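Heads up: the protein sequence lines correspond to chains R and D, in order.
Residue numbers for the first sequence follow my numbering, so the first one is 6 and each next one is one higher.
Residue numbers for the second sequence follow my numbering, so the first one is 6 and each next one is one higher.
Each residue gets a CB set at the ideal place from its N, CA and C atoms; glycine is no exception.
The structure presented is a predicted model; accordingly, all values stated were derived computationally and were not measured.
There are 2 protein chains.
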Amino acid sequence: MEKLDSIDIRILNLLQKDSSLGVKDVSSAIGLSVSPTYERISRLKRDGFIEKYVAIVNREKIGKHLLVLCTVTLKQQSMETLVSFEQTIKTFKEVLEVLCLAGNHDYLLKIAVKDVNDYHAFVVNKLSQIPNIANLQSSFVLKEIKNETAMEII
Amino acid sequence: MEKLDSIDIRILNLLQKDSSLGVKDVSSAIGLSVSPTYERISRLKRDGFIEKYVAIVNREKIGKHLLVLCTVTLKQQSMETLVSFEQTIKTFKEVLEVLCLAGNHDYLLKIAVKDVNDYHAFVVNKLSQIPNIANLQSSFVLKEIKNETAMEII
DNA sequence: TAGCCAAACAGAAATATTTACTGATTATAT
DNA sequence: ATATAATCAGTAAATATTTCTGTTTGGCTA
């Protein structure tokens, strides 16, 4: 649970962009030998700075052609209703992202599906089945201009 | 540019969740020997199904405490204005995501910063400097209930 | 300033994995 | 049924990871 020094930060910035870099690549990029680099990378994972390593797949190529943003308003804001909604919405594999927004206690969902038919099926069979939903508002995404997992650390 | 069979799909579903799995781990998980597994993983990368491998870092631990959604409306929708906006907004490191939405030719931005001060600085110094912006509407994120890069392939 | 302690480093050795290659098996189409 | 192509398992060589040891560095106290 240490703090990050400038070397750690450089390592994180590298691995966020490309984790297929080997320890050797990273070490030469930051100008350190292999062993301290290895130890630092392990520590960053162990301490939770690095949550996980994942493969990013091409959405279009796996047939998820439609991205939808959907705003959800609930009928009530009781703790119970909120928690229940959050726990359910989380489990839907079509839902990539769930954000609770300030202002109206609204939720914003990002949903990836094959096409409009699939989205309709999702709304009818899954989303609208959740209790206490007052309002749903869907916006189709025309173009994904940027989608980045890496955050530049300063 | 082949199509995916059921083994490919299982591999992608695994690596999307955890790419630190070695070829050996994947091979035993899918019940194939190492060499065809290795060949399949390479092919998935080569053919662009796997775009990249990345490390996912904990946003809070690197000090990005504030997540903001910002809707941008442009004054005009000429091709030139749109392209120019898109190219500029892409370059800002605070901006993780840029989506072009159907309906009003609006854009939605997802922005990660340290705090409200930093967000204000970002808006004043960067975002609002882009020409032809008619309207900006910011919503702070109270809670990130889900944020998943993996999409289940069927 | 000298001496001590802890942290970080480089280098090397042991282990494990990746990668390339070979031959065998399976599936497919004619 | 046979030929062709694709996929597979197994093996071996090349690379990379991981551990270990000893050294250096930096900071702290007396």
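**OP:** Please classify L37 of chain D: does DSSP put it in a helix, a strand, or coil?
**Re:** On the second sequence, residue 37 of chain D is found 32 positions in, with the first residue counted as 1. Looking at L37 of chain D - three-state DSSP - the assignment turns out to be coil, as it is neither helix nor strand.
**OP:** Would you tell me roughly how many angstroms separate the C-alpha atoms of N109 of chain R and F97 of chain D, rounded to the nearest one?
**Re:** In the first sequence, residue 109 of chain R corresponds to position 104, counting from 1. In the second sequence, residue 97 of chain D corresponds to position 92, counting from 1. When rounded, the distance between both Cα atoms is 28 angstroms.
Original post:
What do you reckon, are the CB atoms on A117 of chain R and M156 of chain D nearer than 7 angstroms?
Top reply: Here the question's residue 117 of chain R lines up with position 112 in the first sequence. Here the question's residue 156 of chain D lines up with position 151 in the second sequence. Result yes, Cβ atoms of A117 of chain R and M156 of chain D sit closer than 7 angstroms.
Original post:
Taking Cβ positions, are N63 of chain R and E56 of chain D nearer each other than 7 angstroms?
Top reply: On the first sequence, residue 63 of chain R is found 58 positions in, with the first residue counted as 1. On the second sequence, residue 56 of chain D is found 51 positions in, with the first residue counted as 1. In this structure, N63 of chain R sits near E56 of chain D, with a CB-CB distance shorter than 7 angstroms.
Original post:
Hey, does Q82 of chain R have any beta-carbon neighbour from chain D nearer than 7 angstroms?
Top reply: Sequence index remark: in the first sequence, residue 82 of chain R carries index 77 (1-based). It does not: the Cβ of Q82 of chain R has no partner Cβ on chain D nearer than 7 angstroms.
Subject >> Secondary structure of Q81 of chain R, DSSP reduced to three states >> reply: The residue you call residue 81 of chain R lines up with position 76 of the first sequence. The three-state secondary structure of Q81 of chain R, taken from DSSP, is coil.
Original post:
Which term fits I46 of chain R, buried or exposed, when burial requires 16 or more other beta carbons within 10 angstroms of its beta carbon?
Top reply: On the first sequence, position 41 is the one that residue 46 of chain R refers to. Residue environment: I46 of chain R is assigned as buried (16 or more neighbouring CB atoms within 10 Å of its CB, all protein chains considered).
**OP:** Assess, as a yes-or-no matter, whether the region 72-87 of chain R is touched by the region 131-145 of chain R under the definition of 3 or more beta carbon pairs within less than 8 angstroms.
**Re:** In short, these stretches touch, since the Cβ pair count reaches three.
Subject >> Contact test: S32 of chain D Cβ vs the ligand NAP heavy atom, cutoff 6 angstroms >> reply: Ligands displayed in this structure: none; no statement on the ligand NAP is therefore possible.
**OP:** With DSSP as the reference, label S143 of chain R as helix, strand or coil.
**Re:** Numbered from 1 along the first sequence, position 138 holds the residue referred to as residue 143 of chain R. Strand, per DSSP.
Original post:
Are the Cβ atoms of L101 of chain R and E153 of chain D separated by less than 7 angstroms?
Top reply: Taking the first sequence and counting its residues from 1, the one referred to as residue 101 of chain R is at position 96. Taking the second sequence and counting its residues from 1, the one referred to as residue 153 of chain D is at position 148. Yes, Cβ-Cβ distance for L101 of chain R and E153 of chain D is below 7 angstroms.
Subject >> I94 of chain D versus S33 of chain R: straight-line alpha-carbon distance, rounded >> reply: The count along the second sequence starts at 1 and reaches residue 94 of chain D at position 89. The count along the first sequence starts at 1 and reaches residue 33 of chain R at position 28. Going by the C-alpha atoms only, they are around 32 angstroms apart.
**OP:** Could you tell me whether the Cβ atoms of K115 of chain R and L74 of chain R are closer together than 7 angstroms?
**Re:** Stepping through the first sequence from its first residue, residue 115 of chain R is reached at position 110. Stepping through the first sequence from its first residue, residue 74 of chain R is reached at position 69. It is a contact, given that the beta carbons lie within the stated cut-off.
Original post:
By how many angstroms is the C-alpha of I35 of chain D removed from the C-alpha of F215 of chain R?
Top reply: Absent from the structure is residue 215 of chain R, since the part of chain R shown begins at 6 and ends at 159.
**OP:** Flag this pair as yes or no: are the beta carbons of I158 of chain R and I67 of chain D separated by less than 7 angstroms?
**Re:** Within the first sequence, the letter at position 153 stands for residue 158 of chain R. Within the second sequence, the letter at position 62 stands for residue 67 of chain D. Using a Cβ distance threshold of 7 angstroms, I158 of chain R and I67 of chain D count as a contacting pair.
**OP:** Ignore the nearest five residues each way along the sequence and tell me which others in V31 of chain D's own chain have a CB closer than 8 angstroms to its CB.
**Re:** As a first step, residue 31 of chain D is located in the second sequence; it is residue number 26 there, counting from the start. Closer than 8 angstroms at the Cβ level, and outside the excluded window around V31 of chain D, lie I16, L19, L20, T42, I46.
Subject >> Any chain D beta carbon closer than 7 angstroms to L17 of chain R >> reply: Position 12 of the first sequence, counted from the first residue, corresponds to residue 17 of chain R. Closer than 7 angstroms: yes.
**OP:** Could you have a look at K69 of chain R and say whether DSSP puts it in helix, strand or coil?
**Re:** The residue labelled residue 69 of chain R in the question sits at position 64 within the first sequence. Secondary structure of K69 of chain R (DSSP, three-state): coil.
Original post:
For the region 43-56 of chain D, which residues have a CB atom closer than 7 angstroms to at least one CB atom of chain R, in sequence order?
Top reply: The residues in question are G53, F54, I55, E56.
Subject >> Local conformation of I12 of chain D per DSSP, three classes >> reply: As a working mapping, residue 12 of chain D is identified with position 7 in the second sequence. Here I12 of chain D sits in helix by DSSP.
**OP:** Starting from the C-beta of H70 of chain R, find all residues in its chain whose C-beta is less than 7 angstroms away, skip the five residues before and the five after it, and write them out in chain order.
**Re:** Translated into the one-based positions of the first sequence, residue 70 of chain R becomes position 65. Only K119, D120 meet the Cβ criterion.
**OP:** Verify whether the separation of the beta carbon atoms of K29 of chain D and V39 of chain D is less than 7 angstroms.
**Re:** On the second sequence, position 24 is the one that residue 29 of chain D refers to. On the second sequence, position 34 is the one that residue 39 of chain D refers to. Yes; because the gap between Cβ atoms is below 7 angstroms, this pair is in contact.
Original post:
Three-state secondary structure (DSSP) at I158 of chain D?
Top reply: Counting from one through the second sequence, the residue named residue 158 of chain D turns up at place 153. In the structure shown, I158 of chain D sits in coil (DSSP, three-state: anything other than H, G, I, E or B).
**OP:** Name, please, each residue of chain R whose Cβ falls closer than 8 angstroms to the Cβ of D23 of chain D.
**Re:** For the purposes of this step, residue 23 of chain D is identified with residue 18 of the second sequence, where counting begins at 1. The answer, in chain order, is K57, Y58, V59.
**OP:** Could you check what DSSP says for A126 of chain R in three-state terms: helix, strand or coil?
**Re:** Translated into positions along the first sequence, residue 126 of chain R becomes position 121. For A126 of chain R, the three-state secondary structure derived from DSSP is helix.
**OP:** Answer with yes or no whether the minimum CB distance from N130 of chain D to chain R is below 7 angstroms.
**Re:** Working through the second sequence from its first residue, we reach residue 130 of chain D at position 125. Output row for N130 of chain D: interface = no.
Original post:
With a cut-off of 7 angstroms, does the C-beta of K34 of chain R fall near any C-beta of chain D?
Top reply: To locate residue 34 of chain R, count along the first sequence from 1; it is residue 29. For the sequence presented, residue 34 of chain R should be read as Ala rather than Lys. No, because no Cβ of chain D sits closer than 7 angstroms to the Cβ of A34 of chain R.
Original post:
Does the separation of the CB atoms of E85 of chain R and L104 of chain D fall below 7 angstroms?
Top reply: For the purposes of this step, residue 85 of chain R is taken as the residue at position 80 of the first sequence. For the purposes of this step, residue 104 of chain D is taken as the residue at position 99 of the second sequence. No, they are not a contact pair.
Original post:
If you measure from the beta carbon of I158 of chain D to each beta carbon in chain R, is any gap under 7 angstroms?
Top reply: Stepping through the second sequence from its first residue, residue 158 of chain D is reached at position 153. Output row for I158 of chain D: interface = yes.
**OP:** State the Cα-Cα distance for the pair I12 of chain R and L113 of chain R, rounded to the nearest angstrom.
**Re:** Position 7 of the first sequence, counted from the start, is the residue given in the question as residue 12 of chain R. Position 108 of the first sequence, counted from the start, is the residue given in the question as residue 113 of chain R. The C-alpha of L113 of chain R is placed about 36 angstroms away from the C-alpha of I12 of chain R.
Original post:
S133 of chain R: buried (16+ other C-beta within 10 angstroms of its C-beta) or exposed?
Top reply: What you label residue 133 of chain R is simply residue 128 of the first sequence in a count that begins at 1. Flag for S133 of chain R reads exposed.
Original post:
If you count every other CB in all the chains shown that lies within 10 Å of the CB of V129 of chain R, and 16 or more means buried, which is it?
Top reply: Here the question's residue 129 of chain R lines up with position 124 in the first sequence. Within a 10 Å sphere around the beta-carbon of V129 of chain R sit fewer than 16 other beta-carbons, which makes this residue exposed.
Subject >> Three-way DSSP call (helix, strand, coil) for N152 of chain D in this model >> reply: Numbered from its first residue, the second sequence carries residue 152 of chain D at position 147. In the three-state reduction of the DSSP assignment, N152 of chain D falls in the strand class.
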